Structures are given as C-alpha cells and as structure tokens.
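Participant: Take the sequence shown: its position 117, counting from 1, is numbered 117 in the working numbering, and each next residue is one higher. Attaching a single structure in structure tokens format; questions to follow.
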Amino acid sequence: MPSRTSRLLSGGKLDIDSGIGAVFWGAVTIFYVVQHGEKERLPGDPGLTDLGRWQADRTAMWLRQAEVMSVFSSPMRRARETADLIASVINTPVREDTRLRERMNWDGSQPFDEFLTEWAASVRDRDFVPQAGDSSRQAGERFRSFLRDVATGPEVIVVCTHGGVTVDLLRTLVGDQELDPRLLAEGIPSCAITTLQDQTVLDIASVNHLE
C-alpha cells in the first residue's frame, strides 16, 4: 500500500493521480472526504497539534485548486478545526452535520484499555454496539445518508470527518473484500483524502498532497 494509500480502480472507476483538473466530472457531486489533522492525545474533544494544523494547511492548498463550493464538518473539535483551516483558504463557510461524528469517542469516563477493546470489537463485528457510540454499520449508514442528502447535482464538496466513520462508510459502499486489510487495522492517516463521485469510490486515503 504505497504511501499508506489504497485505490479502487476496477469497474470503470477513475485514477485521479494526474491532478484535480485532469478529469471533467460532469453532472455529479464530488466529495473530498478529509480525515482530520493529527489531534492532541487527550480524552474528550481534543483539538489539533501543531503538526495537525500544518497538515490541514497543506490539504487546504491542494483543495484550493478544486473549485470547492461547500465545506461540511463533524462537530467534533479536531474535525472542525481542520475544516476551518481549509475553509479560510478557499473562502467558504463551514456547515456542521452530526452524522459525520466519529463512531466512538473516548471521553475519559471509561478505562482506555476497555475503550480500545470495544473499538476492536466494533471493527470485527459491524453490528456490535459499544457502550458509548454506534456500531460500524450504524455509523456507515448515517454517513451514507449524509451523502444522499447533500448530493444534489454538479458540485465539489469537502467533508472533514474521522477515520473510523470513514472506514465504516467504505465498508458499506464497497464491502470489506475491496479494502486493503491494513486500512481496517491501522486506520486512515491524518489529513488523508478519500474521493467519491456521488457514492462511487474513486480513491482511498491519499496522502500525496502532504509530500
């Protein structure tokens, strides 16, 4: 998985490595699903580290070429800070949607080892519901409902969200057999971009813009 990036190119899907402007999208909605930048290692609702802010700035520079019309974000601080940095560069407001929140979030009330055990269980069993959060299937479906609601025509939309729920969405859209197993085990790198054409997956967890 070069650069910790996994691509789906079968069945007519497009390789977009040639650049943002290389493909004429037509009357579809393009989603750039952005993993938030590196977060502080704190419970609750931590913000970005200095590195995370640098990653968000680099991502914003890349997205500035994409003619983005809307920016949506999870209400969680690390995603919202990432979205705000991107929106400040491309000059568009940020809209929050709770369907973009993470599958589970450690708030410190639960022992961290127990939280990790439940996280692993929710990855193995998509119907496992943790003490605080959603099952993988529930999280994937709420993300997909967001895509359905906002995909109203030819538009480029940035979505700042979280690694767990993004993988849940991908599992819902294409199935586990199409995903590199390391994506489930290691997650999505900070500020990686997953590209969708409506609900068709074009590119998964690309970090080329950060190099």
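Every residue gets a Cβ at the ideal spot worked out from N, C-alpha and C, and that includes glycine. Only a predicted model underlies this, so the values are computations on that prediction, with no experimental measurement involved.
(1) Use the C-beta contact count for ALA60: other C-beta atoms within 10 angstroms, 16 or more gives buried, fewer gives exposed.
(2) Using alpha carbons as the reference points, say which of THR82, MET76 and ALA121 lies closest to CYS191.
(3) State the start and end residues of the unbroken alpha helix (DSSP H) segment that holds VAL150.
(4) Flag this pair as touching only if the segment 180-188 and the segment 80-98 have three or more C-beta atom pairs under 8 Å; answer yes or no.
(5) In the DSSP output, what is SER70 paired with across the bridge?
(6) Please state if the CB of THR98 and the CB of PRO75 are separated by a distance shorter than 7 Å.
(7) Rounded to whole angstroms, what is the Cα-Cα separation between ARG182 and TRP119?
(8) Where VAL23 and ILE30 are concerned, what is the direct C-alpha to C-alpha distance, given to the nearest angstrom?
(9) Would you mind giving the Cβ-Cβ distance between VAL33 and LEU196, rounded to the nearest angstrom? I have them listed as a contact below 8 Å.
(10) Please tell me whether, using a cut-off of 6 Å, the distance from the CB of PRO189 to the nearest non-hydrogen atom of the ligand SAH is below it.
(11) Can the beta-carbon of LEU85 be found closer than 7 Å to that of ALA56?
(12) Can you tell me which residues form a DSSP beta bridge with PHE31?
Facilitator: To lay it out plainly:
(1) buried
(2) THR82
(3) 136-150
(4) no
(5) ILE157
(6) yes
(7) 16 Å
(8) For VAL23, the predicted structure reports a pLDDT of 42, less than 50, and the residue's modelled location is therefore unreliable. The matter cannot be settled from this model.
(9) 7 Å
(10) The model depicted lacks the ligand SAH and carries no ligand whatsoever.
(11) yes
(12) ILE157 and LEU196
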